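S.K.:
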Amino acid sequence: MSIKKINDVTFFDLRNVQKNHIESGPFESGVYEVNDIIVDFSTNQLTDPYGRKTRLEPLIMELLAFMIKNTGSYLSCNDLMQHVWSGKIVSDNTIRVAMKKLRDAMGDNPKLPKFIKTTPSKGYILIAQVSKKEFNHNNILPISNKLIMSRVGKLFSNFFIR
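Its first residue numbered 1193, the sequence shown is counted upward by one per residue in the working numbering.
#1: Using DSSP with H/G/I as helix, E/B as strand and the rest coil, what is I1410?
#2: With a Cβ-Cβ cutoff of 8 Å, do L1238 and A1290 count as a contact?
#3: Report the start-end ranges of each beta strand (DSSP E) in the segment 1224-1267 that is 3 residues or longer and not cut off at the edges.
#4: Apart from the five residues on each side of it in sequence, which residues of its chain come closer than 7 Å, Cβ to Cβ, to Q1321?
#5: Residue range of the alpha helix (DSSP H) that L1272 falls in?
#6: Is it true that the CB of P1302 sits closer than 8 Å to the CB of T1310?
#7: Decide if D1300 is buried, meaning its Cβ has at least 16 other Cβ atoms within 10 Å, or exposed.
#8: Rounded to whole angstroms, what's the CA-CA distance from P1241 to S1234? Just pull it up for me.
#9: Which whole-angstrom value is the C-beta distance of M1273 and L1318, which I expect to be below 8 Å?
#10: Using the rule of at least 16 other Cβ atoms within 10 Å of the residue's Cβ for burial, across every protein chain shown, is I1281 buried or exposed?
#11: Identify the continuous beta strand (DSSP E) that holds K1303 and give its terminal residues.
#12: Starting from the Cα of R1295, find the closest Cα among H1275, L1255, N1270 and give me that residue.
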């Protein structure tokens, strides 16, 4: 946003300002793919590309659901308090701890984020690719095997090419 002052009148140029409409209301639970992680809201589990499962507490899953619903929008601590903590007043530290648990479970690094980016004075934003999946439990293994085999191939090619 740029601000211009002409003859004591202030003009705001809003062309490059990101719209930040917060989605509320019911969340369509089920199974989502967030980058390369499968999120199953029916079991409160994340499955990484290697097939490892991590069960999350319900509040952290609610946080993730709200972030998925608002992918690409900045979410302030107030937004999170209102929608995830149901309007209860919690400290910013409580939100930071919950966000850390979510990042840890997803293997995200706040300094080089692949999932959740934090911007001071704006809030948190889910920057990952998100897609809803038609799911059966057999879908996880082929995805995992493909990724494992591609990484094993890279490892061996790096080992033998040197």
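Note that the Cβ used here is the ideal one computed from N, Cα and C, for glycine as well.
If you're wondering where the values come from, they're calculated on a predicted model, not measured in any experiment.
M.R.: Reading it off the structure:
#1: The chain is shown only over 1193 to 1354; residue 1410 falls outside these bounds and no answer can be derived.
#2: If you number the sequence shown from 1, residue 1238 lands on position 46. If you number the sequence shown from 1, residue 1290 lands on position 98. No; because the gap between Cβ atoms is not below 8 Å, this pair is not in contact.
#3: 1229-1232, 1237-1239, 1245-1247
#4: Taking the first residue of the sequence shown as 1, we reach residue 1321 at position 129. Closer than 7 Å at Cβ, skipping near neighbours: N1227.
#5: As a first step, residue 1272 must be located in the sequence shown, where it is residue number 80. Element bounds for L1272: 1269-1275.
#6: Here residue 1310 corresponds to residue number 118 of the sequence shown, with the count starting at 1. Here residue 1302 corresponds to residue number 110 of the sequence shown, with the count starting at 1. Yes, these two residues count as a Cβ contact at 8 Å.
#7: On the sequence shown, position 108 is the one that residue 1300 refers to. Looking at its Cβ environment, which holds 16 or more other Cβ atoms inside 10 Å, D1300 is buried.
#8: Reading the sequence shown from its first residue, position 49 is the one you call residue 1241. Reading the sequence shown from its first residue, position 42 is the one you call residue 1234. Cα-Cα distance, rounded: 19 Å.
#9: Position 81 of the sequence shown, counting from 1, holds the residue named residue 1273. Position 126 of the sequence shown, counting from 1, holds the residue named residue 1318. That pair is no contact at about 17 Å.
#10: Stepping through the sequence shown from its first residue, residue 1281 is reached at position 89. So I1281 counts as exposed.
#11: Within the sequence shown, numbered from 1, the residue matching residue 1303 stands at position 111. Careful: K1303 lies outside any beta strand (DSSP E) and carries neither H nor E.
#12: Taking the first residue of the sequence shown as 1, we reach residue 1295 at position 103. Minimum Cα distance to R1295 is reached at L1255.
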